[in-house]
Structure formats: structure tokens, C-alpha cells
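At position 65 of the sequence shown (counting the first as 1) the number is 65 in full-length UniProt numbering, and the numbers step up by one without a gap. Glycine residues also receive a C-beta, built at the ideal position from the N, C-alpha and C atoms. Have a look at the structure below, then the notes.
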Amino acid sequence: MDILLLSTPAQHTAENLDVILDPKSLIKWIDKLPIMNLPETVKLLHTSISSLNELMVSDKQRLKLIEIYYDSLQDILVSYDEMRISMLQIEAQKRNELREDIMWLYLSLAGGYKLIIKNAFEKGMLNSKESNLLTIYIAMELIIEGLVYGYSSHQTPPPLARLEINQLYALAMHNDISEKEIKGTRGHEQPPTLSRLFKQYILLTISNPYQLNSSDVLELFMFLEPIVDDCVIELNGSPEPPEGRFIIDLSADVGPISCCQQELSPETNDLLVIDVWPIINVLGLMVSEHKKEESIIAVQQQHMIEIVIEQLGRKSMRKSKRESVLVETQVIMGIEAVHHNLSKSRTGNSEVIDYSGVDKYPVSKWMIKNRNESGYMLETYKENIRSNIIVGDVIGFPVKYSETECPFQFSIVRWIQHIQNNMVQIGAESLPGITLPIFYKVESDYGVVVDDGTQLLGLYFPADIKTHTPESILINKQEYRQNQSIILENNSRMYKVNITALLRNSPLFVQLKFKKKEN
1 MDILLLSTPA
11 QHTAENLDVI
21 LDPKSLIKWI
31 DKLPIMNLPE
41 TVKLLHTSIS
51 SLNELMVSDK
61 QRLKLIEIYY
71 DSLQDILVSY
81 DEMRISMLQI
91 EAQKRNELRE
101 DIMWLYLSLA
111 GGYKLIIKNA
121 FEKGMLNSKE
131 SNLLTIYIAM
141 ELIIEGLVYG
151 YSSHQTPPPL
161 ARLEINQLYA
171 LAMHNDISEK
181 EIKGTRGHEQ
191 PPTLSRLFKQ
201 YILLTISNPY
211 QLNSSDVLEL
221 FMFLEPIVDD
231 CVIELNGSPE
241 PPEGRFIIDL
251 SADVGPISCC
261 QQELSPETND
271 LLVIDVWPII
281 NVLGLMVSEH
291 KKEESIIAVQ
301 QQHMIEIVIE
311 QLGRKSMRKS
321 KRESVLVETQ
331 VIMGIEAVHH
341 NLSKSRTGNS
351 EVIDYSGVDK
361 YPVSKWMIKN
371 RNESGYMLET
381 YKENIRSNII
391 VGDVIGFPVK
401 YSETECPFQF
411 SIVRWIQHIQ
421 NNMVQIGAES
431 LPGITLPIFY
441 KVESDYGVVV
451 DDGTQLLGLY
461 FPADIKTHTP
471 ESILINKQEY
481 RQNQSIILEN
491 NSRMYKVNIT
501 ALLRNSPLFV
511 QLKFKKKEN
């Protein structure tokens, strides 16, 4: 390996009184941090670590100091898992900013380890010694953990972050240490290796964390750890058959790309080929086992399994080509806003936005960027967004095809991504067919309908020959149970239905095929 592509800050020897070089003094300073004020603590740590990274000190001294930061960071952030962060009494935007700050804190600390690795590489002193192995592992771990926090707030990976993960793994393979078990780490079900950590990151990326809500990203990452050994990685392996196989260019700032979507050049070297079908097969067996259990743990794991199987399977198959469009539109978000519009604003065979409810149900300006047979990609500036966007929620927007044709499109938000220039993109999966508002009630496990006066809001889709869609309803996922009866109310008529099939699944809603129950 002739070149190691790692970004590190420029070094200087100027005295900086803000940099604490004595280990005991650093421990005392960290102990005095305002731990109960996490946003402030994160900023103070980031500033301190960044200043150390810019100062020229010996690798031995740097390692002592960053190990203190590393241990403290692990202790602090273990106390603030995703549940605690979601409970902080701060605005949703501030909470996302905190997740992004934590991402940069992890990446800043990784910078210290990268300096040591880069110096050793340039001196030709990298080998399989435990200290070098642990340094490479922690550097990769910190970058990946930073990306996990970034994903939880739908941030695009910072420039070079994915390249550096790829390069550290390439370095490990070149030195034949990728499979070597690492001592001196904690919190793992089995002895970690660089290969296992890399596979865990790859599987999370393929599972598309932008399609997850914040609370699911870290949970999914942890869920993947014990099953990564079933993922097969080969250097310059065969991309055939393309279904289920992904490639990674270790010299590029990219994640895994499906072989179904990428033409391989025979001249390209240093390509990893990842086969995920063994993982899908293992998860299929886990599904069978969990169906026999009814514990809370089994239900939680079932949710993670569904996410992985759906995403790995979907990304492994060929997709329909996207058509580029540039069409302005107005978007309403949430089942209440969609239900309100459908109830108030029907005009002939199409819908228009009902602006009478704009105070309660804000309308946001978006641009449709492209579309394919399954849905749309929309983009807007953050300041245009007037209501909270959640993965899995229902949205509605008119799509102008011509001066006379502007049908209203109802969709489910499948992914959210914050990109450069203060822009936000969302992927919206279309709900085909005619859409009507309904109310519903759910039968309890004892066959009794509890009427507490609450009106549950849903959507009704009549059978549509044109789109080949059966009669179905969309209801809150928390209300759905298999083999359960539901009471539908449509146009003041009430009737009981039995669910016969699950057609569409999202973190918040399910679309269900049903059959009317005979009296």
C-alpha cells in the first residue's frame, strides 16, 4: 500500500494555553465539565480536542491524552443514549443540532488517532503489534460512531469520512490484520475485529439509515453486530450474480453500491464485493424463531429484522429508472393534515389544498426533483419547512403534469436527508389509486370495541383496475394486530372488516387489504 488517504489538520508548535498537555490536569478538567448540560459539554470537548489535534506533540504523548478523551467520551455518551437525548427539554431542531455536534466530536477525536496512524505509516512502522491494531480500530470505530449520530439526524456523511473508513480497512487488509481479534475494548458481545466493524458499518449503510427514525438508527447498528460474520466480503471478487451483491471502491469517498446499478470496469482495482444474501437467509431463520416467542425483546428484534430484510432485499434488486423533473409544489404533512384536506377540499375527481386550515395544518413549499414508478424525490430549503417531517409519515402534494392535469398525490415519507446549502431532500413512496378519508375503531383482543370518544384517522383506497390495487385501508401501525377486526366509518356508514394481507409497512402506518365481515 503506497498511499494512505487520511485527512489531518496542519500542525504547529505555537504555545496554546488552552491545550492541556498534562494527563492528570486533563482528567481534572474533564471531571469539572457540566455533564448535566450535554450540548455545552459536547462543545467544550470538541474545542479542546480540535486544539490538541493542531498542536505538534509526540505520538506517545498524544496517545496518552486522546485515550483519556476517549474513555471520558464513552462514559459521557453512554449516559446519554438516544432515549435520553430524545427526552432533553430542547426543541427538535436543537436536538438534531446536538446529534450533529456529537458526530463532529467523534470525528474530531478520530483525528487524533489518524495523526498517529499517518505518522507510523509514513515512517514505515505500521505492523501487527497490538497497539497499532487498537489505534486503527478505534479510529475507524470513532468515524463510524460519528456517522451513526449523523444518520440519526439525517445528515449527509461529511466529506472524506467514508473514504477514511475504506482506507483504514484497506490498511488492515494490506497488513493482514483485518481478522485479528482486538483486546482492550469494551461493550462487545464477541471479540471485535476490524473486519466485523467494517461489515457492521456496511450493512447499516445498505439498510439505508435515512429511512429510519432517530431512535432506530443506533438500535439497528447494535442489532447488526452479532450477525455480521455471515456477510461475505471478497477483494476483487465476482459481481455475478448482481442481485444481493454490492461493491465498494476502497480508494473513493463512497459507500456500497449495488452491482445491479453499477457497471464494473475490468481495469478497476481495490474493489470489495459484498454478498448480503447469507445475511438475508440468517434473518429469515430468525423470523421463524421469533414467531414462536411473544416477549418484548422478540417484538423489538422482529422490527429490526423487518427493516434489514426489506432494505437489503430492496437495494439488491434492479430499480426503475428515475425521470428528472423540476416542478414546484405545496406539501401538507401528517395524517391530520391529509385527512382534513380530503374532507374539505374535494373538487371533481381531484383534490386541491384547503388553505382554510393553514394555521393548524401548515403548507410548505417544495420542488419535485425526480420521479419513477414508485414515487418522488422532493427538495426544499430548511427554512421552508413549516411542520415536522418524520420518516413513515403521510404527506400530500399536487403534481402538475399539464395546465389541465394536476392530480393530488398522497405518499409515505421513506427517507430524509440533509444536504449541503441548507437543503433537505425526502423520498416519497406513492400511495396509488383514489384516496378517501375514514374514521375507524379497533376491536380489542377480547372481541370488544372500546369507544372512548376518540376518532382514529385513516385513509381508504377503493379497488382500482387502472393501478391494479385492491381495496385497502391505511391505519396507525400501533393499532394494528394480526387476525383483528376493525370498524370502519365512511360517509356515516359503519361496517366491520377482517384484515387479510399487509400491503405496505412504514414506521408509523400500515396499509392493509381487508374483507368485509358478514353479519
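Using CA atoms only, rank isn't needed, just tell me which of the options is closest to residue i.
{"i": "Glu379", "options": "Asp393, Val424, Leu512", "result": "Val424"}
{"i": "Leu194", "options": "Tyr495, Leu220, Glu130", "result": "Glu130"}
{"i": "Met222", "options": "Pro23, Trp366, Arg196", "result": "Arg196"}
{"i": "Asp18", "options": "Ser7, Leu44, Pro34", "result": "Leu44"}
{"i": "Ser153", "options": "Leu115, Ile102, Lys114", "result": "Ile102"}
{"i": "Lys225", "options": "Ser214, Gln200, Thr205", "result": "Sequence inspection shows Glu at residue 225; the Lys mentioned does not correspond to that position. Answer by Cα proximity: Gln200."}
{"i": "Asp464", "options": "Met494, Ser472, Ile426", "result": "Ser472"}
{"i": "Val57", "options": "Ile76, Ile20, Tyr70", "result": "Ile20"}
{"i": "residue 520", "options": "Pro407, Val399, Tyr151, Lys94", "result": "Since the first and last residues shown for the chain are 1 and 519, residue 520 lies out of range."}
{"i": "Ile248", "options": "Lys466, Leu512, Val273, Glu82", "result": "Val273"}
{"i": "Val282", "options": "Pro9, Cys231, Lys64", "result": "Cys231"}
{"i": "Leu5", "options": "Gln93, Thr13, Lys114", "result": "Lys114"}
{"i": "Asp275", "options": "Glu243, Gly284, Leu250, Asp253", "result": "Glu243"}
{"i": "Asn53", "options": "Ile30, Asn372, Asn16", "result": "Asn16"}
{"i": "Phe509", "options": "Asp393, Asn490, Glu429", "result": "Asp393"}
{"i": "Ala110", "options": "Leu147, Asn96, Asp75", "result": "Leu147"}
{"i": "Gly427", "options": "Ser506, Leu126, Lys64, Pro191", "result": "Ser506"}
{"i": "Asn213", "options": "Gln11, Val413, Asn421", "result": "Val413"}
{"i": "Glu306", "options": "Ile257, Glu145, Ile280", "result": "Ile280"}
Secondary structure at residue i, three-state DSSP: helix, strand or coil?
{"i": "Leu226", "result": "The question names Leu, but residue 226 in the sequence shown is Pro. Helix at Pro226."}
{"i": "Leu134", "result": "helix"}
{"i": "Thr185", "result": "coil"}
{"i": "His12", "result": "strand"}
{"i": "Pro462", "result": "coil"}
{"i": "Pro266", "result": "Since pLDDT at Pro266 reaches only 49, below the 50 mark, its modelled position is unreliable, and no value is offered."}
{"i": "Leu6", "result": "coil"}
{"i": "Gly392", "result": "coil"}
{"i": "Gln409", "result": "strand"}
{"i": "Ser324", "result": "strand"}
{"i": "Val19", "result": "coil"}
{"i": "Leu218", "result": "helix"}
{"i": "Ala501", "result": "strand"}
{"i": "Ser350", "result": "Residue placement at Ser350 cannot be trusted, given a pLDDT of 47 that sits under 50; what the coordinates show is reported in the next sentence. Ser350 falls in the strand class under three-state DSSP."}
{"i": "Ser430", "result": "strand"}
{"i": "Gln155", "result": "strand"}
{"i": "Asn213", "result": "coil"}
Taking buried to mean at least 16 other C-beta atoms within 10 Å of its own C-beta, is residue i buried or exposed?
{"i": "Tyr210", "result": "buried"}
{"i": "Thr47", "result": "exposed"}
{"i": "Asp2", "result": "exposed"}
{"i": "Ala41", "result": "According to the sequence shown, residue 41 is Thr rather than Ala. Result: buried."}
{"i": "Met377", "result": "buried"}
{"i": "Tyr460", "result": "buried"}
{"i": "Ser295", "result": "Unreliable positioning characterises Ser295 in this predicted model, as indicated by a pLDDT of 48, which lies under 50. The coordinate reading is nonetheless provided below. Result: exposed."}
{"i": "Phe410", "result": "buried"}
{"i": "Gly124", "result": "exposed"}
{"i": "Lys517", "result": "exposed"}
{"i": "Asp71", "result": "exposed"}
{"i": "Ser108", "result": "buried"}
{"i": "Ile177", "result": "buried"}
{"i": "Ser364", "result": "buried"}
{"i": "Val338", "result": "buried"}
Looking at the secondary structure, which residues open and close the beta strand (DSSP E) in which residue i lies?
{"i": "Asp101", "result": "Premise fails: Asp101 lies in the alpha helix (DSSP H), 92-122, not in any beta strand (DSSP E)."}
{"i": "Lys516", "result": "509-516"}
{"i": "Asn476", "result": "472-476"}
{"i": "Glu234", "result": "232-235"}
{"i": "Leu272", "result": "271-275"}
Sort out for me which residues DSSP pairs residue i with in a bridge.
{"i": "Val442", "result": "Ile486"}
{"i": "Gln417", "result": "Gln425"}
{"i": "residue 523", "result": "The shown model of the chain, from 1 to 519, leaves out residue 523, and the question about it has no answer."}
{"i": "residue 601", "result": "No answer is possible for residue 601: it lies beyond the span of the chain, which begins at 1 and ends at 519."}
{"i": "Glu379", "result": "Met367, Gln425"}
{"i": "Thr469", "result": "Asp464"}
{"i": "Pro398", "result": "Phe408"}
{"i": "Arg493", "result": "Asn490"}
{"i": "Pro437", "result": "Leu459"}
Need the endpoints of the alpha helix (DSSP H) that residue i sits in, please.
{"i": "Val338", "result": "335-344"}
{"i": "Ser205", "result": "The sequence shown places Thr at residue 205, not Ser. Counting along the chain, the alpha helix (DSSP H) containing Thr205 begins and ends at 194-206."}
{"i": "Pro23", "result": "23-31"}
{"i": "Arg481", "result": "Here Arg481 belongs to no alpha helix (DSSP H), and DSSP marks it neither H nor E."}
{"i": "Leu77", "result": "59-79"}
{"i": "residue 530", "result": "The structure shown does not extend to residue 530, since the chain is modelled only from 1 to 519, so the question has no answer here."}
{"i": "Leu44", "result": "38-54"}
{"i": "Ser86", "result": "82-87"}
Are there any heavy atoms of the ligand HEM lying less than 7 Å away from the beta-carbon of residue i, as far as the coordinates show?
{"i": "Ser214", "result": "For the structure depicted, the ligand HEM is absent and the ligand set is empty, with no information on it obtainable."}
Taking 8 Å as the threshold (beta carbon to beta carbon), is residue i in contact with chain C?
{"i": "Leu21", "result": "You won't find chain C in this structure, because it holds only one protein chain."}
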